[in-house]
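**Student:** Numbering (my numbering), first residue to last: 254 to 533. C-beta: ideal position from N, C-alpha, C; glycine also.
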């Protein structure tokens with residue numbers, strides 16, 4: 254199956270971000286167009302899940318306790334814990350506070366709205382993804398997940414500002430999947446002429462941690478595509494190279510599906526026969 258946790262473009266009316274921000278600014282954290290780049294997934298019979306809501310609203314690739322207490326108007330009233338990750342320095346926790354260094358809000362979030370985002374968006378997304386993964390394992394005795402993301406051309410300036418590889422495969426340094434799967438994915442992108450890294454910048458976050466259990470034949474790898482390959486990072490518009498990258502991703506996915514089928518001895522049976530898409 255494929256997951257698209259950050260490609261949502263339905264902005265909830267209660268987002269309440271600073272009205273002075275442009276759409277390009279508030280949309281900057283999203284993995285725009287990534288679901289389109291792998292748009293052949295359904296034709297291949299693969300299950301997919303996509304978050305319809307934007308990443309900055311609530312990030313399903315963060316732990317539910319990865320919250321910056323300073324964002325809330327009454328942190329003492331929050332019913333859960335605060336375990337902010339290192340992403341707090343760039344404002345990229347469960348509820349994003351910054352987009353490419355620009356503050357998203359001109360106010361504090363209320364405890365009620367933060368809880369609403371967690372209970373009505375974050376939790377249902379993972380409930381849906383868990384059901385799909387469990388169905389795959391029930392049908393095939395195993396599950397293979399490709400978690401699809403995008404990244405900027407350069408690291409955040411707080412982290413050195415270095416240029417990133419064109420494709421970065423994340424496996425939590427080998428813990429989330431059979432190494433042969435990650436190697437094959439890297440080889441396929443390299444065969445199309447891309448500069449490919451392995452756990453170079455993004456090793457995977459909550460989704461790879463939560464769903465990667467190779468010891469029970471449940472594998473997940475994260476694929477990060479550099480945005481400048483297929484879009485203008487400033488305007489957020491597709492570039493003239495979009496169709497080529499889309500065709501390359503379609504080829505990679507089809508070849509990877511065949512590899513997984515051969516590996517598992519289930520040629521022609523890797524597709525989910527009951528339902529091939531979930532949205533949250």
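1) Looking at residue 346: is its Cβ nearer than 9 Å to the Cβ of residue 321?
2) Assign residue 443 to one of two classes, buried (16 or more other C-beta atoms within 10 Å of its C-beta) or exposed (fewer than that).
3) Identify every residue that forms a DSSP beta bridge with residue 376.
4) Are the region 368-384 and the region 442-456 touching, with three or more C-beta to C-beta distances below 8 Å?
5) Does DSSP put residue 332 in a helix, in a strand, or in coil?
6) Under the three-state reduction of DSSP, which class applies to residue 356: helix, strand or coil?
7) State the beta-bridge partners of residue 401 as determined by DSSP.
8) Going by DSSP in three states, residue 422 sits in which element: helix, strand or coil?
9) Hey, is residue 505's beta-carbon within less than 9 Å of any beta-carbon in chain D?
10) Report yes if the C-beta distance between residue 262 and residue 305 is below 9 Å; otherwise report no.
11) Could you name the residues of the same chain whose beta carbon sits closer than 6 Å to that of residue 524, not counting the 5 residues immediately before and after it, in chain order?
12) Am I right that residue 359 and residue 271 are in contact with their C-beta atoms under 8 Å? What's the rounded C-beta distance?
13) With distance defined between alpha-carbon atoms, name the residue in 334, 324, 420 nearest to residue 316.
14) What does the alpha-carbon distance come out to for the pair residue 273 and residue 337?
15) Cutting at 7 Å between CB atoms, please list the residues of its own chain near residue 482, excluding the five before and the five after it.
16) Can you tell which of 276, 255, 290 has its C-alpha closest to the C-alpha of residue 496?
17) Short of 8 Å in beta carbon distance, which residues of its chain neighbour residue 407, apart from the five on each side in sequence? Order them along the chain.
18) In whole angstroms, what is the alpha-carbon distance linking residue 421 and residue 254?
19) Among 468, 473, 467, 332, which has the Cα closest to the Cα of residue 461?
20) I'd like to check one pair, residue 480 with residue 303: are the Cβ atoms closer than 9 Å?
21) My output table needs one value for residue 517: the three-state DSSP class, helix, strand or coil.
22) Mapping the DSSP letters down to three states, classify residue 255 as helix, strand or coil.
23) Look up residue 301 in the DSSP assignment and say whether it is helix, strand or coil.
24) Residue 471 and residue 395 look like a contact to me (Cβ under 8 Å); what is the Cβ gap, rounded to whole Å?
25) Kindly give me the distance between the Cβ atoms of residue 477 and residue 423, rounded to whole angstroms, as I take these residues to be in contact under 8 Å.
26) With DSSP as the reference, please indicate the residues paired to residue 230 in a beta bridge.
27) Please classify residue 435: does DSSP put it in a helix, a strand, or coil?
28) DSSP three-state call for residue 351: helix, strand or coil?
**Tutor:** On the basis of the coordinates in this document:
1) Their beta carbons are under 9 Å apart, which means residue 346 touches residue 321 by this criterion.
2) By the 16-neighbour rule on beta-carbons within 10 angstroms, residue 443 is exposed.
3) Answer is none; residue 376 lacks a bridge partner.
4) Touching, no, given that fewer than three Cβ pairs across the two stretches are closer than 8 Å.
5) When DSSP states are grouped into helix, strand and coil, residue 332 belongs to the coil group.
6) If DSSP states are grouped into helix, strand and coil, residue 356 belongs with the strands.
7) As a beta-bridge residue in DSSP terms, residue 401 pairs with 476.
8) DSSP, reduced to helix, strand and coil, places residue 422 within a strand of the structure shown.
9) No chain D is part of this structure, which consists of one protein chain only.
10) Yes, the pair counts as a contact, with Cβ atoms nearer than the cut-off.
11) Note that residue 524 has pLDDT 46, beneath the 50 cutoff, so the model's placement of it is unreliable and no number is given.
12) About 4 Å separates the two Cβ atoms, so the contact holds.
13) When the alpha-carbon of residue 316 is set against those of 334, 324, 420, the nearest one is in 334.
14) Distance between the alpha carbons of residue 273 and residue 337 is about 27 Å.
15) If we look at residue 482 and ignore the five residues flanking it on each side, its Cβ neighbours are 419, 494, 498.
16) It is 290.
17) Same-chain partners within the cutoff: 414, 415, 416, 417.
18) One alpha carbon belongs to residue 421, the other to residue 254, and they sit about 19 Å apart.
19) If we check each option's Cα against that of residue 461, 473 comes out closest.
20) Not in contact: residue 303 and residue 480 (Cβ atoms no closer than 9 Å).
21) Helix.
22) Here residue 255 sits in strand by DSSP.
23) Strand at residue 301.
24) Contact between residue 471 and residue 395 holds, with the beta-carbon distance rounding to 7 Å and staying under 8 Å.
25) Contact between residue 477 and residue 423 holds: their C-beta atoms lie close to 7 Å from each other, under 8 Å.
26) Shown here, the chain extends from 254 to 533; a query on residue 230 therefore has no answer.
27) The three-state reading of DSSP puts residue 435 in helix, counting H, G and I together.
28) Reduced to three states, the DSSP call for residue 351 is strand.
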